[in-house]
Amino acid sequence: MRKIVLLCNAGMSTSMLMKKMKGYAEQSNYDCEIQAYALAEAQNVGQTADIVLLGPQVRYALNTVKTQLPGQIIEVIDMAAYGMLDGKKVIEQVKNALGD
């Protein structure tokens, strides 16, 4: 089971995307756990994740999060996919990043 952590300013806007991602993952039989958190929690919640995804609105923090979580796979969610709440596209981004 893959563990996916989503980070945004307060964890709220990403929660909507998380629901769409969970729906697509279930439909496509992709075994994963997805959780959304505030950016401030990155160091606490990202340590055990297979991948950490940042919302486009916090992409400025990418280098900081990479420093906090060395060795972790960390990416920024595609802006169009985020804006359209395209769970399928984000799950595909995860699969590509993880080689699944």
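Residues 1 to 100 (my numbering) make up the sequence shown, in order. Beta carbons are placed, not taken as given, at the ideal position from N, Cα and C, and that holds for glycine.
Collapsing the DSSP output to three states places TYR37 in a strand. In the DSSP secondary-structure assignment, GLU75 is bridged to LEU53. With respect to the C-alpha of THR64, the residue from LYS3, LEU7 and VAL90 having the closest C-alpha is LEU7. Nearest in C-alpha terms to GLY46, of all of THR14, TYR60, ASN29 and LYS66, is LYS66.
Boundaries cannot be given for VAL58, as no beta strand (DSSP E) includes it and DSSP labels it neither H nor E. In this structure VAL52 touches GLN72 by the C-beta definition: roughly 6 Å separates them, less than 8 Å. LYS19 and ILE34 have their C-alpha atoms roughly 9 Å apart. A check of alpha carbon separations from ALA40 across TYR24, LEU62 and ASN96 identifies LEU62 as the nearest. The DSSP-derived three-state label of LEU69 is coil.
For LEU7, the secondary structure class from DSSP, reduced to helix, strand or coil, is strand.
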